[in-house]
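Asker: Can you read through this structure? Questions will come right after.
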Amino acid sequence: MNDKRQQRGSKKRRVARDAAGTEYQLTGKLGEGGQGVVCTTDRENILIKLFTDKDPDRRRRWVNRLNWVLNQELDGLHIARPIALIERPPGYVMELMDGLEPLQTGLERSLAALIDGDGLAGYLATGGLRRRLALLRELAATLAGLHARGLAYGDLSPNNVFVSQSIEHCQIWLIDCDNLCATERLGNGHLHTPGFGAPEVVRGERGVNSLTDAWSFAVLAFELLTHGHPLKGEAVLDAEPEEEERALRGELPWVHHPEDTSNQACDGLPLELVATPRLRALFEDCFNAGRDDPLARPSLAEWADALEAAWALMLDCTAPDCGSSFYWNDDRRCPFCDEVTTDGLLLMHGWESDETADERFLETGDCVALAADTPLVLHLAPAGTRGYRDAPRVCELWLENGELHMEPAQHAELTLVRCSDGQVYAFTQKKSLKSHQRRGLSLALTLCHTDAPQLRPFWRFTW
Amino acid sequence: MPIKDFAVKAARPLPVIILADTSGSMGMDGKIEALNQSLRDMVKSFAAESRLRGEIHLGVITFGGSAAAHLPLTPAHQVQGIQEFVANGGTPMGAAMDIARELVEDRELIPSRAYRPILVLVSDGHPTDDWEGPFRTLLASERAAKATRIALAIGNDADEAMLTEFANDPEAPLFHADNAAEIVRFFRAVTMSVAKHSQSANPSASLRLDYRRVGDDDELDLDF
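Chains A and B supply the protein sequences, listed in that same order.
For reference, each letter of the first sequence is one residue, going 1 to 463 in my numbering.
For reference, each letter of the second sequence is one residue, going 1001 to 1224 in my numbering.
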């Protein structure tokens, strides 16, 4: 490094100073985009984004927008917001916790493994399907929260989403909040990351807004799950590069179009392996009708709900060499290695009501899979809604050596109901169902919490 | 049972072809050493570049004494190091042009899905073989005509007329290097521009060479 700098005779400085006079020694480059660079500094958890475009007009507009962003209410959202401004070159200081990396890094690792013949090793090393769903759920919830405040993010891409380096964790943080905008942005061109821009933005007809965010999110979700691109099918990938530009402008059907197969998917993981029917329906709405009609695209709130519901269906393959996570199926067969997983239980959600005697149980269709040796916390709200994990916890369940253990939380009462004859058994202490009692009976576990005694969700399962 | 595998297509290739003068005169004033250093740096940078949007393929043709494909067109992340150039002999640029044309027009090596090639010609002298014919044929060939062509004239003895005609970037007609350090700097600019280009919205458009000035007081040093 020093040699090179001497060689170039560079006398440039590496210290940035904010408006309050605080100095930051720049220590490395974390990311680089069309308009600027993000640098690490000598201060813990402090990053600096610098605007490197030298055009005076664009600089002024960028600084103006930044000042506007500084005044937006972003508390409670996982967005690394500006905490101080840098004057020369224009930039800002932001705080980002340790142990994060761009989502792009993991995507590249996973894709490189597939290309280089290591199969799904990279997919699994970056957390497999279970973690992908969790990351996307967190991202969708953050964007939904932003949209609920009347703001749009603007330039969503795997470079701007930072995620936990450790696959044990599923934190996400958005950086580059200088692209935030209130309404459609007209004057600043049509900033987007290649491949992630909505067709009307790529064509230069519209600026970015919450509906273009919805498009970019769906592309990112599709890519993270399948390693394919929703608009790059057979007709695009083998053709000349110009064909790809047409596809990104929205002139070709999406790769899973139900009737028009002229641009069929030809690479990546099959969508039905990595997306539930509900998620597939959202992709279809976004990329088919939503390709030309931005209003047809599912909202980020819909994505967050569907991802939560999908995540609740994860089982972990117990085959020694596999390690995949997959969606519940009745055979508990892992679609990645075809081995049958040792144990698992599907819980089906419903509400209990005294109102109508002949319809005491009303099933909602929401389900949660209980994987062997992975404890599951049941909350008062049904899975598949974003409020699920904020609702009070009622009990913890786990499957171990063929036994089902049920432990009520404080202030909770559980009732086990035999569905065939309505016989009940209430308990407030840990209770277990033994493996020899497993006879294919339909049972329902009714939850009750003193905080909300009128709510009585139940989870039906077969034992 | 083994875990299933799934096919994914590698990103589109972005061919970068260097035509390097390795004639005897390059042996003076550390020019060939600078060229060697530049190529090593370039390979290292390209290999580290993301392969999500475009896969940089690098090929090197040398002309010094005789013309030869020094490095066949290879995905940058697979290049195992480049043999050092040795300055020697005359400047058979015409023969190098023939090799370049054959390479660029080879539909197996460069499939139709590839991005437009980038040709970089570096020379410090006048061609010593019959170059006019091969030069015209190259420039007229379908793919070389569409390619981004960049030229660097080293020192005062370079054939500037010819290099200027080779270059087709309207914003950057011909680059000059007066010493070894400037050769390194030129290649750094090419490397950075190609890397940026491979990630850009439109890698099939022609490349824009970002030849940044050194010593801009307003700027922080961001070349980590």
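By construction, the Cβ of each residue, glycine as well, lies at the ideal position given by its N, Cα and C atoms.
At a Cβ threshold of 8 angstroms, is Arg1213 (chain B) touching chain A?
Answerer: Here residue 1213 (chain B) refers to the residue found at position 213 of the second sequence. Confidence in Arg1213 (chain B) is poor, its pLDDT being 42 and thus under 50, which makes the residue's placement unreliable; the coordinate value appears in the next sentence. No - not a single Cβ of chain A is within 8 angstroms of the one on Arg1213 (chain B).
Asker: DSSP beta-bridge partners for Tyr92 (chain A)?
Answerer: On the first sequence, position 92 is the one that residue 92 (chain A) refers to. DSSP lists A:Lys49, A:Leu85 as partners of Tyr92 (chain A).
Asker: Any C-beta of chain B within less than 8 angstroms: which residues of the region 253 to 286 of chain A qualify?
Answerer: Within the region 253 to 286 of chain A, the qualifying residues are Cys266, Asp267, Gly268, Leu269, Pro270.
Asker: Using a C-beta cutoff of 8 angstroms, does Ala452 (chain A) count as contacting chain B?
Answerer: Along the first sequence, one-based indexing puts residue 452 (chain A) at 452. Chain B, which has no Cβ nearer than 8 angstroms to the Cβ of Ala452 (chain A), makes this no.
Asker: From Ala1076 (chain B) to Ser1025 (chain B), what does the alpha carbon distance come to, in whole angstroms?
Answerer: Here residue 1076 (chain B) is taken as the residue at index 76 of the second sequence, counted from 1. Here residue 1025 (chain B) is taken as the residue at index 25 of the second sequence, counted from 1. If you take the alpha carbons of Ala1076 (chain B) and Ser1025 (chain B), they lie about 29 angstroms apart.
Asker: Looking at the C-beta of Lys1044 (chain B), does it have a partner C-beta in chain A at a distance below 8 angstroms?
Answerer: Numbered from 1 along the second sequence, position 44 holds the residue referred to as residue 1044 (chain B). No, its Cβ sits nowhere closer than 8 angstroms to a Cβ of chain A.
Asker: So who's on the other strand from Lys232 (chain A), going by DSSP bridges?
Answerer: Indexing the first sequence from 1 puts residue 232 (chain A) at position 232. The partner list for Lys232 (chain A) (beta bridge, DSSP) reads A:His229.
Asker: Using a Cβ-Cβ cut-off of 6 angstroms (strictly less than) and excluding sequence neighbours within five positions of Gly187 (chain A), which residues of its own chain qualify?
Answerer: Position 187 of the first sequence, counted from the start, is the residue given in the question as residue 187 (chain A). With a pLDDT of only 44 at Gly187 (chain A), under 50, the local geometry of the prediction cannot be trusted, and the value read off the model is given with reservation. Once the five neighbours on either side are set aside, Gly187 (chain A) has no close Cβ partner at all.
Asker: Mind checking if Asp55 (chain A) is an interface residue toward chain B, Cβ cutoff 8 angstroms exclusive?
Answerer: As a first step, residue 55 (chain A) must be located in the first sequence, where it is residue number 55. Answer no: the Cβ-Cβ gap between Asp55 (chain A) and chain B never drops below 8 angstroms.
Asker: Which same chain residues, not among the five before or five after Pro158 (chain A), have their C-beta less than 7 angstroms away from its C-beta?
Answerer: Indexing the first sequence from 1 puts residue 158 (chain A) at position 158. Excluding sequence neighbours, Pro158 (chain A) sits near Pro102, Leu103, Gln104, Leu107, Leu220.
Asker: Would you tell me roughly how many angstroms separate the C-alpha atoms of Val368 (chain A) and Thr342 (chain A), rounded to the nearest one?
Answerer: The count along the first sequence starts at 1 and reaches residue 368 (chain A) at position 368. The count along the first sequence starts at 1 and reaches residue 342 (chain A) at position 342. Between Val368 (chain A) and Thr342 (chain A), the C-alpha separation is close to 17 angstroms.
Asker: Assuming Ser435 (chain A) contacts Cys419 (chain A) under a Cβ cut-off of 8 angstroms, what Cβ separation, rounded to an integer in Å, is found between them?
Answerer: Here residue 435 (chain A) corresponds to residue number 435 of the first sequence, with the count starting at 1. Here residue 419 (chain A) corresponds to residue number 419 of the first sequence, with the count starting at 1. Wrong, their Cβ atoms sit about 20 angstroms apart, outside the cutoff.
Asker: Using a C-beta to C-beta distance shorter than 7 angstroms, which residues of chain A count as neighbours of Phe1166 (chain B)?
Answerer: Position 166 of the second sequence, counted from the start, is the residue given in the question as residue 1166 (chain B). Neighbours of Phe1166 (chain B) on chain A: none; closest Cβ ~24 angstroms, over 7 angstroms.
Asker: Chain A beta carbons: is any one of them nearer than 8 angstroms to that of Phe1187 (chain B)?
Answerer: Here residue 1187 (chain B) refers to the residue found at position 187 when the second sequence is read from its first residue. No, Phe1187 (chain B) does not count as interfacial toward chain A.
Asker: Report the three-state DSSP secondary structure of Gly31 (chain A) (helix, strand or coil).
Answerer: Here residue 31 (chain A) refers to the residue found at position 31 of the first sequence. Here Gly31 (chain A) sits in strand by DSSP.
Asker: Taking all protein chains shown into account, decide if Gln35 (chain A) is buried (16 or more other Cβ within 10 angstroms of its Cβ) or exposed.
Answerer: Translated into positions along the first sequence, residue 35 (chain A) becomes position 35. That one is buried.
Asker: Using a Cβ cut-off of 9 angstroms, which residues of the region 1091 to 1117 of chain B contact any Cβ in chain A, in chain order?
Answerer: Answer in chain order: Pro1111, Ser1112, Arg1113, Ala1114, Tyr1115, Arg1116.
Asker: Under 9 angstroms Cβ-Cβ, which residues of chain B neighbour Gly387 (chain A)?
Answerer: In the first sequence, the residue the question calls residue 387 (chain A) occupies position 387. None at all; the shortest Cβ gap to chain B is about 36 angstroms.
Asker: Anyone know if the C-beta pair for Leu397 (chain A) and Leu416 (chain A) falls short of 8 angstroms?
Answerer: For the purposes of this step, residue 397 (chain A) is identified with residue 397 of the first sequence, where counting begins at 1. For the purposes of this step, residue 416 (chain A) is identified with residue 416 of the first sequence, where counting begins at 1. Contact: no.
Asker: For the region 228 to 243 of chain A against the region 172 to 182 of chain A, are there 3 or more C-beta pairs whose distance is under 8 angstroms?
Answerer: No contact exists between the region 228 to 243 of chain A and the region 172 to 182 of chain A.
Asker: Please list the partners that His227 (chain A) has in chain B, where partner means a Cβ-to-Cβ separation under 8 angstroms.
Answerer: Taking the first sequence and counting its residues from 1, one reaches residue 227 (chain A) at position 227. Going along chain B in sequence order, the residues near His227 (chain A) (Cβ under 8 angstroms) are Phe1006, Val1008.
Asker: Count the other C-beta atoms from every protein chain shown that fall within 10 angstroms of the C-beta of Met97 (chain A), then say buried if there are 16 or more, exposed otherwise.
Answerer: Along the first sequence, read from residue 1 onward, the residue named residue 97 (chain A) stands at position 97. Label assigned to Met97 (chain A): exposed.
Asker: I'd like to know whether the C-beta of Gly187 (chain A) is nearer than 8 angstroms to at least one C-beta of chain B.
Answerer: Numbered from 1 along the first sequence, position 187 holds the residue referred to as residue 187 (chain A). Note on Gly187 (chain A): pLDDT 44, under 50, position unreliable in the model; the coordinate value appears next. Answer no: the Cβ-Cβ gap between Gly187 (chain A) and chain B never drops below 8 angstroms.
Asker: In chain order, what residues of the same chain lie with their CB nearer than 7 angstroms to the CB of Val274 (chain A), ignoring the 5 residues before and after it?
Answerer: Taking the first residue of the first sequence as position 1, residue 274 (chain A) is located at position 274. The residues are Leu129, Leu225, Thr226.
Asker: For chain A, is any of its Cβ atoms less than 8 angstroms away from the one on Leu1052 (chain B)?
Answerer: Indexing the second sequence from 1 puts residue 1052 (chain B) at position 52. It does; some Cβ of chain A falls within 8 angstroms.
Asker: Given this structure, state the Cα-to-Cα distance separating Asp1005 (chain B) from Asn71 (chain A), to the nearest angstrom.
Answerer: Taking the second sequence and counting its residues from 1, the one referred to as residue 1005 (chain B) is at position 5. Taking the first sequence and counting its residues from 1, the one referred to as residue 71 (chain A) is at position 71. Approximately 49 angstroms, taken between the alpha carbons.
Asker: Taking Cβ-Cβ distances shorter than 8 angstroms, what residues in chain B pair up with Gly119 (chain A)?
Answerer: The sequence position of residue 119 (chain A) within the first sequence is 119, counting from 1. Ile1003, Lys1004, Asp1005, Phe1006, listed in chain order.
Asker: Output the distance between the C-alpha atoms of Ala296 (chain A) and Phe1187 (chain B), rounded to the nearest integer angstrom.
Answerer: If you number the first sequence from 1, residue 296 (chain A) lands on position 296. If you number the second sequence from 1, residue 1187 (chain B) lands on position 187. Going by the C-alpha atoms only, they are around 48 angstroms apart.
Asker: If you draw a straight line from the alpha carbon of His192 (chain A) to that of Ile1056 (chain B), how long is it in whole angstroms?
Answerer: Counting from 1 along the first sequence, the entry for residue 192 (chain A) is found at position 192. Counting from 1 along the second sequence, the entry for residue 1056 (chain B) is found at position 56. Cα-Cα distance, rounded: 23 angstroms.
Asker: As a quick exercise: from A:Leu114, A:Thr450, A:Leu143, A:Glu403, pick the residue whose alpha carbon is nearest that of Asp305 (chain A).
Answerer: On the first sequence, position 305 is the one that residue 305 (chain A) refers to. Nearest of A:Leu114, A:Thr450, A:Leu143, A:Glu403 to Asp305 (chain A), Cα basis: A:Leu143.
Asker: What's the call for Gly28 (chain A), buried or exposed, on a 16-neighbour Cβ count within 10 Å?
Answerer: On the first sequence, residue 28 (chain A) is found 28 positions in, with the first residue counted as 1. With fewer than 16 Cβ atoms within 10 Å of its Cβ, Gly28 (chain A) is classed as exposed.
Asker: Report the residue ranges of all beta strand (DSSP E) runs contained in full by the region 369 to 408 of chain A; include only those spanning at least 3 residues, in chain order.
Answerer: Taking only runs of at least 3 residues, the beta strand (DSSP E) segments lying wholly in the region 369 to 408 of chain A are 376 to 379, 393 to 400, 403 to 408.
Asker: Answer with buried or exposed for Leu362 (chain A), where buried requires no fewer than 16 other C-beta atoms within 10 angstroms of its C-beta.
Answerer: Walking along the first sequence from the start, residue 362 (chain A) turns up at place 362. Result: exposed.
Asker: Compare the beta carbon distance of His349 (chain A) and Thr364 (chain A) with 8 angstroms and say whether it is the shorter of the two.
Answerer: Numbered from 1 along the first sequence, position 349 holds the residue referred to as residue 349 (chain A). Numbered from 1 along the first sequence, position 364 holds the residue referred to as residue 364 (chain A). Going by C-beta atoms, His349 (chain A) is nearer than 8 angstroms to Thr364 (chain A).
Asker: Between Asp1221 (chain B) and chain A, is any beta-carbon pair separated by less than 8 angstroms?
Answerer: Numbered from 1 along the second sequence, position 221 holds the residue referred to as residue 1221 (chain B). With 8 angstroms as the cut-off, Asp1221 (chain B) counts as an interface residue toward chain A.
Asker: Identify the continuous alpha helix (DSSP H) that holds Phe1187 (chain B) and give its terminal residues.
Answerer: Locating residue 1187 (chain B) in the second sequence gives position 187, counting from the first residue. Looking at the DSSP string, the run of the alpha helix (DSSP H) that includes Phe1187 (chain B) is 1180 to 1198.
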